[in-house]
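Student: First residue of the sequence shown: 37, per the working numbering; consecutive thereafter. Cβ coordinates follow ideal geometry from the N, Cα and C atoms, glycine included.
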Amino acid sequence: MIVLGLTATNGLDEEVARLLGLEHVRVESKVFPDGESYIRIPVSVEGEDVIVVQSTYAPQDKHVLELLLAIDALRDLGARNIVAVVPYLAYARQDRRFREGEAISVKTLLKAIRSMGANALVVVEVHKEYVLRYFEGKAVNVKVAYALAEYFKDKGLDNVIVLAPDKGALPRAQLLAKLLGGEYDYLEKHRDRVTGEITVKPKTLSVKEREVIIVDDIISTGKTMALAARKALEDGALNVYAACAHALLVGNALKLLVESGIKEIVAANTVPVPSEVKVVNVAPLITEAIKQLGTL
Ligand code: R5P
């Protein structure tokens, strides 16, 4: 069995290979002058089980295509079983038709990974876990809460409340709160019908004089997190920590978060992040998930 690292791994390929005690191979890749991707598997994979690692952060389409090219090539070259490890699964938020006629992008992506020849899939904190049914093989969603809990336990915070930014994300807050022995709640959004102004507040619990952790799967523009943090601080929270799996931090997201008064931003190493972000390593959880897959 080998671990093949593709073009967007953020170091997780090497970490996973080290933890599993497997040979690590880096794919050969280049981009032609016209922008097309080239992939070459530099070792023989005939009869081998291959764990192929590719996160699909920006530029998403390039990284997605390179993943598909690699899986297809591995299949052609006689690999036995292929486990696709996709720490950040792009397109996960387009998981249904919000407007008539839309593509269900994550379905297309998961079907493509499967039909190129991946037997199994490991992802980290996918936006909605039910989408994994679109991958018709074994699939595991690694829960980042276990890594975040270790980080926050080490801080020894008292009187913690974990908040989800919306009702749909409540299970995320619930799991992290359970691991930390704290309470949890979600933020309810209110839109003023006259002014159009959006405000948020915890559904039932108070944040006054408490350590608040707001947990989400993704921080993209940072607007959701910044709004929630501002509100918690206005309501008397002692400190607000922003925790997530995938800190995409698009545009001026980091500035927005810092200006909102957030004490720390904590994220997994599924995507590259600036030095201001505290990073938790999800390689051990990915390794466990690979072991959990068992016989393919
Ligand atoms: C959406 O449903 C996700 O769970 C995140 O809440 C969202 O992607 C955050 O986006 P932004 O940082 O742009 O507010």
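1. Taking the CB atoms as reference points, tell me whether glutamate 277 and valine 307 lie closer together than 8 Å.
2. Leaving out the 5 sequence neighbours to the left and right, which residues in its chain are closer than 6 Å to glutamate 50 when beta-carbon positions are compared?
3. Under a three-way DSSP split, which group does glutamate 324 fall into?
4. Would you check whether the ligand R5P has a heavy atom nearer than 7 Å to the C-beta of glycine 258?
5. Taking only the alpha-carbon atoms, compute the straight-line gap between serine 91 and aspartate 97 and give it to the nearest angstrom.
6. To the nearest angstrom, report how far apart valine 88 and glutamate 224 are at their CA atoms.
7. Taking the alpha carbon of isoleucine 197 as the point to measure from, which residue in Ala154, Val248, Asp228 and Lys244 has its own alpha carbon closest?
8. Within the same chain, show all residues whose beta-carbon is closer than 7 Å to that of leucine 269, passing over the 5 residues directly before and after it, in chain order.
9. Please list the terminal residues of the continuous alpha helix (DSSP H) segment that includes leucine 104.
10. What are the start and end residues of the beta strand (DSSP E) that includes arginine 62?
11. On a Cα-Cα basis, can you pick out the residue from Tyr166, Glu295 and Leu184 that is closest to cysteine 280?
12. Along the chain, where does the beta strand (DSSP E) containing arginine 76 start, and where does it finish?
13. From this set, Gly272, Leu40, Ala148 and Leu332, which residue's C-alpha is nearest leucine 58's C-alpha?
14. On the three-state DSSP scale, how would you describe proline 238?
15. With leucine 157 as the anchor, note down where its beta strand (DSSP E) starts and where it stops.
16. Under a three-way DSSP split, which group does glycine 232 fall into?
17. Taking the straight line between their C-alpha atoms, what separation do you get for glutamate 138 and aspartate 253?
18. Leaving out the 5 sequence neighbours to the left and right, which residues in its chain are closer than 7 Å to glycine 83 when beta-carbon positions are compared?
19. Within 10 angstroms of the Cβ of leucine 241, are there 16 or more other Cβ atoms? Answer buried if so, exposed if not.
20. Out of curiosity, what's the CA-to-CA distance linking alanine 213 and isoleucine 250?
21. Under a three-way DSSP split, which group does isoleucine 149 fall into?
22. Helix, strand or coil for glutamate 138, going by three-state DSSP, please let me know.
23. Whole angstroms is fine: what's the gap from alanine 205's alpha carbon to asparagine 317's?
Tutor: Taking the definition as stated:
1. Note that residue 277 is tyrosine in the sequence shown here, rather than glutamate. Not a contact, by the Cβ cut-off of 8 Å.
2. His60
3. helix
4. yes
5. 11 Å
6. 40 Å
7. Val248
8. Val276 and Gly297
9. 96-112
10. Secondary structure note for arginine 62: its beta strand (DSSP E) is the uninterrupted segment 59-62.
11. Nearest in C-alpha terms to cysteine 280, of all of Tyr166, Glu295 and Leu184, is Leu184.
12. Arginine 76 -> beta strand (DSSP E) spans 73-76.
13. Leu40
14. Three-state result, proline 238: strand.
15. 156-160
16. Under the three-state reduction of DSSP, glycine 232 is assigned to coil, being neither helix nor strand.
17. 23 Å
18. Gly114 and Arg116
19. exposed
20. 11 Å
21. helix
22. Three-state DSSP puts glutamate 138 in coil, outside helix and strand.
23. 22 Å
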